[in-house]
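2 protein chains.
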Amino acid sequence: MTRTAQEWHLAARPVGRPVTGDFRLVDGELPAPGEGEVLVRNTFLSLDPYMRALMGSDLPDMPVYRLGRAMTGGAVGEVAESRAAGLAPGDLVLSDLGWRTAAVAPGSAFTKLRRVGGVPDSAFLGVLGMPGLSAYAGLTDVAKLREGQTVFVSGAAGAVGSLAGQIAGLLGAKAVIGSAGSAEKVEYLVDELGFTSAFNYKDGEVRTLLRRAAPTGIEVYFDNVGGEHLEAAIHALNNGGRAALCGAVSGYNDQLSAPGPRNMIELIRKRLTLRGFEVADHAHLRPRFADEVGRWLAEGKIRFRETVGEGIGNAVDSFVGLLDGRNIGKMVVRV
Amino acid sequence: MTRTAQEWHLAARPVGRPVTGDFRLVDGELPAPGEGEVLVRNTFLSLDPYMRALMGSDLPDMPVYRLGRAMTGGAVGEVAESRAAGLAPGDLVLSDLGWRTAAVAPGSAFTKLRRVGGVPDSAFLGVLGMPGLSAYAGLTDVAKLREGQTVFVSGAAGAVGSLAGQIAGLLGAKAVIGSAGSAEKVEYLVDELGFTSAFNYKDGEVRTLLRRAAPTGIEVYFDNVGGEHLEAAIHALNNGGRAALCGAVSGYNDQLSAPGPRNMIELIRKRLTLRGFEVADHAHLRPRFADEVGRWLAEGKIRFRETVGEGIGNAVDSFVGLLDGRNIGKMVVRV
Chain A
1 MTRTAQEWHL AARPVGRPVT GDFRLVDGEL PAPGEGEVLV RNTFLSLDPY MRALMGSDLP
61 DMPVYRLGRA MTGGAVGEVA ESRAAGLAPG DLVLSDLGWR TAAVAPGSAF TKLRRVGGVP
121 DSAFLGVLGM PGLSAYAGLT DVAKLREGQT VFVSGAAGAV GSLAGQIAGL LGAKAVIGSA
181 GSAEKVEYLV DELGFTSAFN YKDGEVRTLL RRAAPTGIEV YFDNVGGEHL EAAIHALNNG
241 GRAALCGAVS GYNDQLSAPG PRNMIELIRK RLTLRGFEVA DHAHLRPRFA DEVGRWLAEG
301 KIRFRETVGE GIGNAVDSFV GLLDGRNIGK MVVRV
Chain B
1 MTRTAQEWHL AARPVGRPVT GDFRLVDGEL PAPGEGEVLV RNTFLSLDPY MRALMGSDLP
61 DMPVYRLGRA MTGGAVGEVA ESRAAGLAPG DLVLSDLGWR TAAVAPGSAF TKLRRVGGVP
121 DSAFLGVLGM PGLSAYAGLT DVAKLREGQT VFVSGAAGAV GSLAGQIAGL LGAKAVIGSA
181 GSAEKVEYLV DELGFTSAFN YKDGEVRTLL RRAAPTGIEV YFDNVGGEHL EAAIHALNNG
241 GRAALCGAVS GYNDQLSAPG PRNMIELIRK RLTLRGFEVA DHAHLRPRFA DEVGRWLAEG
301 KIRFRETVGE GIGNAVDSFV GLLDGRNIGK MVVRV
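Okay, structure coming up:
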C-alpha cells in the first residue's frame, strides 16, 4: 500500500508580500503508522495571518518555519489508519499538521472532534476553533468588556473580527463598530452580522472615520490590524479604556516593522491599557466558550461565512489573498 | 497693608522647546482674604514634566493652561493670614497654586502638612508627595511587581524614577536597572541609590544598552520617557511583562508627536501589557504609601536629592533645565 501526500514547504523567506516562488508543493510518500501513530487525511486546512510571521521575521528571537520542511497550521481531517488507542478510521480530528494533504503522527498530535449538526467540519477551524476562542477571550479575559460599553473591532470581516463583533453584541455591548476594507464587507457587517455601524477604512483617515462612527468615543478596542487603526483607536478610547491586541495584519508584510502609534502619550492621559494576548494562554475559557458560543450558534445568533480555496494547490494563492484582504470570514482550503 | 505677589503667566503656547518669551513674570497685588479664605506665601514650587503638556498640545481635547493667567502646579507654603477654620498663620500647607510667590484662595484649596523631622519641607513635593506616590502606585497597582522580578526604570535620576528604582528594590525586585542622561547621574544611581546597574542612554542605542544590562530580559518597565526607551523596553520584556507608563518626557517638546514604538507586534507575541496611569486614580494607596515609604525614609532606606532653583525669577529657566534633563532628583524652586 502506498501512502502519498502533498506538502507545502517553505523554500525561501518571503521579503514583503509572499510570492509563489517562496513555496514548493512537494509530493512524498508517508511511512506506515508505527505503534501509537495515526495516518490522517486532511479535509480542511486553516490559513491564518499569524503564519506570515512564522515565514520570516525581523525579530531574531521569534520562532519561524524551517526552510525545506512542511509548514504547520490548523487542519481538520479524518483518521485513515490508526495504531493509537482512542482513534479509529473515520474519526474527525483537529491537528496543527496543516499545509499538507495527509500526515502520520502520534495519536497525541490529534484532538478528536464531535460533529455538530448543521455546522460544516471547517467550523472547527473558525467559529468553534481558535478564531472563535480568540474573539471570546479577547473580549472577556483581556478587554474586560462590560455591558453598555461601545466596542470597535478592526479587521471586522475576518475570521476573528466577525466573531468578536457578534460576540460583543451578545455580551451586552451598547454599540459595535467595525472596520473593513471594501464596501461589500461593510455591508456584510451591518446587514448580515448586525454591527451597529461599519466603515471602509480605505475611504479616508481611520481617525476621522472612527470619530464619525463613535462621536462619544469607545471603551473597548479589539485590534486585528495594528498600525493606523491602533493609533485611531487610542485616540477614540475614553478614560480607562482597554485594547485587546490580537493581530496586526497591517504589519505582517512589512520588512521593517511599521512605525507605532504617534499618540502613545494618550495612554497616560487617559489611563489606557493595551494588552497583547495569545489564545493559548486562555485555554481555561474553553468549556465556557464551548457552552456559550455553541448555544448562540445553535440558536442562530451567530452567523459566519467562510472563504474556501479549492484544492491543496491553491493554498499559497489563498494565503496571499488572505493577506490582501480578499477573504470574507474564515479562510480555509478544502483539500 | 499691601499684599504683593509675583506670578508666572503663560504668554504664548511654546512651539517645541519653551523659550523665555513664552512666559511673563507679572507683579500684582492680592486682595485681603475674604471669609473662609487664606493668604499663603509659597516657599517651594514644584516643577514637573507634565506641565509642558499643559502649556500647549497637539491633542485638541486635552486641558491646557490659559494664556495670560497664572500657571498652576504643586507648591508648599506657609499661611500668612487666615479667615478659614483650621488654618492658622505659620501652618505649612500644600496646594496646586504654584508658579507664584503667594496666593489668596479658599481654605479648601490647601492641605495642611505635618513637618517630618530631618526632612525638608520641599520633600512634600517629592518623596512624600505626588512623585513618591506615582512611583509606589506604578510599581504596585499598575505594574503588579512581584518579588524576584527584574525592573527597568527610565529617567531614573528624576524625581519619580529615583524613587521608583529604590522602592522596587525595597519591594523585593531581584535587580533594578536605571537609565539616565549623564555619567554623573549613572554614578548617582548605582553608588548612592543602590540600583543594580545603570547606563547613560546617550552612549548608544537604548536597545543595545538595555540588553547588555539585562541579558535575560525584564519583567517590569517603569516608563518616564517614552520614545526609544519604550521601544527598547518592549523588546526586553519577557512573556507576560508589564509596563507602567508614567511619563513621556522625550515627547513633551515634540510639535508632532513622535512616532511610537515600531515593535508593537511584540505586545502580542509576548502577551505584554502597557498601562498608562495618573497618580490621581490611586489616591486609595495614600495611607499605605505614607506608612511604608515614611518608614523606609525614617530608616534611611530611601535617599533623595533635589535640584533647587533659587528665586521665583528662575522658575522658567529651571523648568527648561528640567526638560533638558539638567536636574538630579526632584526639581523645585525656592521662592
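Same order as they appear, the protein sequences are chains A and B.
Start counting the first sequence at 1; every next residue gets the next number (UniProt numbering).
Start counting the second sequence at 1; every next residue gets the next number (UniProt numbering).
Even glycine gets a Cβ: it sits at the ideal position worked out from N, Cα and C.
Strictly by DSSP, which residues pair up with A:E306?
Here residue 306 of chain A corresponds to residue number 306 of the first sequence, with the count starting at 1. According to DSSP, which records beta bridges pairwise, A:E306 is partnered with A:K330.
Proximity to B:R3 [Cα-Cα], best of B:D27, B:F23, B:A11 and B:L10: Residue mapping note: residue 3 of chain B aligns to position 3 of the second sequence, counting from 1. Of B:D27, B:F23, B:A11 and B:L10, the residue nearest in Cα terms is B:D27.
Any idea which residues DSSP pairs B:D121 with across the strands? Mapped onto the second sequence, residue 121 of chain B falls at position 121. Answer is none; B:D121 lacks a bridge partner.
What whole-angstrom Cβ distance do A:A244 and A:F277 have, given they're in contact under 8 Å?
On the first sequence, position 244 is the one that residue 244 of chain A refers to. On the first sequence, position 277 is the one that residue 277 of chain A refers to. Yes, A:A244 and A:F277 are in contact; Cβ-Cβ is about 6 Å, under 8 Å.
Self-check item: Short Cβ contact (7 Å threshold) for B:G36 with B:G107
Solution: Sequence index remark: in the second sequence, residue 36 of chain B carries index 36 (1-based). Sequence index remark: in the second sequence, residue 107 of chain B carries index 107 (1-based). Closer than 7 Å, so yes.
Discussion item. Could you compute how far the alpha carbon of B:F44 sits from the alpha carbon of B:G73?
Written reply: On the second sequence, position 44 is the one that residue 44 of chain B refers to. On the second sequence, position 73 is the one that residue 73 of chain B refers to. B:F44 and B:G73: Cα-Cα distance of roughly 11 Å.
Output yes if chain B places a C-beta closer than 7 Å to the C-beta of A:M71; else output no. The residue you call residue 71 of chain A lines up with position 71 of the first sequence. A:M71 has a beta carbon lying at 7 Å or more from every beta carbon in chain B.
**Asked** Going by the CB atoms, is the gap between B:F124 and B:V76 shorter than 7 Å?
**Response** To locate residue 76 of chain B, count along the second sequence from 1; it is residue 76. To locate residue 124 of chain B, count along the second sequence from 1; it is residue 124. Yes, Cβ-Cβ distance for B:V76 and B:F124 is below 7 Å.
Just the C-alpha distance for B:G217 and B:A283, rounded to the nearest angstrom, thanks. On the second sequence, residue 217 of chain B is found 217 positions in, with the first residue counted as 1. On the second sequence, residue 283 of chain B is found 283 positions in, with the first residue counted as 1. The alpha-carbon atoms of B:G217 and B:A283 are separated by roughly 31 Å.
Closest by C-alpha distance to B:G318, when choosing among B:S179, B:R52 and B:E266 | Walking along the second sequence from the start, residue 318 of chain B turns up at place 318. Note on identity: in this sequence residue 318 of chain B is Ser, with Gly being the wrong assignment. Nearest option by C-alpha distance: B:R52.
Where the alpha helix (DSSP H) through A:W296 begins and ends
In the first sequence, residue 296 of chain A corresponds to position 296, counting from 1. For A:W296, the enclosing alpha helix (DSSP H) begins and ends at R286 to A298.
Who are the Cβ neighbours of B:N327 in its own chain at under 6 Å, not counting the five residues just before and after it?
To locate residue 327 of chain B, count along the second sequence from 1; it is residue 327. Excluding its 5 nearest sequence neighbours in each direction, B:N327 has C-beta neighbours in its own chain below 6 Å: T307, listed in chain order.
For this session: Please go through the stretch 69–144 of chain B and give each complete alpha helix (DSSP H) segment of 4 or more residues, from N-terminal end onward.
Result: Whole alpha helix (DSSP H) segments, 4+ residues: 130–137.
Next item on the list: Compare the C-beta of B:F222 with all C-beta atoms of chain A and state if any pair is closer than 7 Å.
Entry: Taking the second sequence and counting its residues from 1, the one referred to as residue 222 of chain B is at position 222. So no, B:F222 is outside the interface.
> Apart from the five residues just before and just after A:E224, which ones in its own chain have a Cβ nearer than 7 Å to its Cβ?
Replying inline: In the first sequence, counting from the first residue as 1, residue 224 of chain A sits at position 224. The residue asked about is misnamed: residue 224 of chain A is Asn in this sequence, not Glu. Result list for A:N224: S154, G155, G158, V160, G161, C246, G247 and V249, in chain order.
* To do: In the DSSP assignment, find the alpha helix (DSSP H) that holds A:G28 and state where it starts and stops.
  => Walking along the first sequence from the start, residue 28 of chain A turns up at place 28. If you look at A:G28, you'll find it isn't in any alpha helix (DSSP H); it sits in the beta strand (DSSP E) that goes F23 to E29.
Legend entry - Interface residues of the stretch 278–291 of chain B facing chain A [CB-CB below 9 Å]: Residues E278 and D281.
Can you look up A:Y65 in the DSSP assignment and give me helix, strand or coil?
Within the first sequence, the letter at position 65 stands for residue 65 of chain A. Of the three classes helix, strand and coil, the one that applies to A:Y65 here is coil, per DSSP.
| query | My guess is that A:A5 and A:T101 are in contact by the Cβ rule of under 8 Å, so how many angstroms apart are they, rounded? | reply | For the purposes of this step, residue 5 of chain A is identified with residue 5 of the first sequence, where counting begins at 1. For the purposes of this step, residue 101 of chain A is identified with residue 101 of the first sequence, where counting begins at 1. Rounded, the Cβ-Cβ distance is 5 Å, consistent with contact.
Worksheet item: Are the C-beta atoms of B:R271 and some chain A residue less than 7 Å apart?
Response: Locating residue 271 of chain B in the second sequence gives position 271, where the first residue counts as 1. The Cβ of B:R271 sits closer than 7 Å to at least one Cβ of chain A.
Between the C-alpha atoms of B:A12 and B:G68, what's the straight-line distance to the nearest angstrom?
Counting from 1 along the second sequence, the entry for residue 12 of chain B is found at position 12. Counting from 1 along the second sequence, the entry for residue 68 of chain B is found at position 68. Near 8 Å, if we compare the C-alpha coordinates of B:G68 and B:A12.
Quick check: what's the CA-CA separation for A:L30 versus A:K270? Translated into the one-based positions of the first sequence, residue 30 of chain A becomes position 30. Translated into the one-based positions of the first sequence, residue 270 of chain A becomes position 270. The straight-line gap from Cα to Cα measures roughly 57 Å.
*asked:* Could you check whether the Cβ of B:G98 sits closer than 6 Å to any heavy atom belonging to the ligand MN?
replied: Questions concerning the ligand MN fall outside what the structure shown contains, since it holds no ligand whatsoever.
ask   = Tell me which same chain residues have a C-beta within less than 8 Å of the C-beta of A:G21, skipping the five on either side of it?
value = Taking the first residue of the first sequence as 1, we reach residue 21 of chain A at position 21. For A:G21, the CB contacts under 8 Å within the same chain, skipping 5 residues up- and downstream, are A11 and A12 in chain order.
**Study point:** Exposed unless 16 or more other CB atoms sit within 10 angstroms - verdict on B:K174
**Key:** Here residue 174 of chain B is taken as the residue at index 174 of the second sequence, counted from 1. Exposed, by the Cβ-count rule.
- Is there a Cβ from chain A that is less than 7 Å from the Cβ of B:G148? Along the second sequence, one-based indexing puts residue 148 of chain B at 148. With respect to chain A, the C-beta atom of B:G148 has no partner C-beta closer than 7 Å.
| Is the Cβ of A:R52 closer than 7 Å to any Cβ of chain B? | Here residue 52 of chain A corresponds to residue number 52 of the first sequence, with the count starting at 1. Between A:R52 and chain B, the shortest Cβ-Cβ separation is not below 7 Å.
task = Would you mind telling me which residues of chain A sit closer than 7 Å to B:P261, beta carbon to beta carbon, in chain order?
result = For the purposes of this step, residue 261 of chain B is taken as residue 261 along the second sequence, with counting starting at 1. The contacting residues are G260.
Could you tell me the distance, in whole angstroms, from the CA atom of A:A105 to the CA atom of A:G132?
-> Reading the first sequence from its first residue, position 105 is the one you call residue 105 of chain A. Reading the first sequence from its first residue, position 132 is the one you call residue 132 of chain A. If you take the alpha carbons of A:A105 and A:G132, they lie about 26 Å apart.
Item to complete: Using a Cβ cut-off of 7 Å (strictly closer), state whether B:G276 contacts chain A.
Response: Taking the first residue of the second sequence as position 1, residue 276 of chain B is located at position 276. Output row for B:G276: interface = yes.
Practice task
Pull up the CB-CB distance for A:G98 and A:S46, whole angstroms please, since I reckon it's below 8 Å.
Solution key: Indexing the first sequence from 1 puts residue 98 of chain A at position 98. Indexing the first sequence from 1 puts residue 46 of chain A at position 46. About 6 Å; that satisfies the 8 Å criterion.
Count the other CB atoms, across all protein chains shown, that sit within 10 Å of the CB of B:V19; report buried if there are 16 or more and exposed otherwise. If you number the second sequence from 1, residue 19 of chain B lands on position 19. Only exposed fits B:V19, as fewer than 16 other CB atoms lie within 10 angstroms of its CB.
Tell me the residue span of the beta strand (DSSP E) that contains A:E228. Sequence index remark: in the first sequence, residue 228 of chain A carries index 228 (1-based). Annotation for A:E228: no beta strand (DSSP E) segment contains it, though the alpha helix (DSSP H) segment containing it runs G227 to A236.
With a threshold of 16 other CB atoms inside 10 Å of the CB of B:P287, please say whether the residue is buried or exposed. Here residue 287 of chain B refers to the residue found at position 287 of the second sequence. With fewer than 16 other Cβ atoms within 10 Å, it is exposed.
If we ignore side chains and look at the alpha-carbon of each, how far apart do A:I234 and A:L274 end up?
Position 234 of the first sequence, counting from 1, holds the residue named residue 234 of chain A. Position 274 of the first sequence, counting from 1, holds the residue named residue 274 of chain A. If I take the Cα positions, the gap works out to 9 Å.
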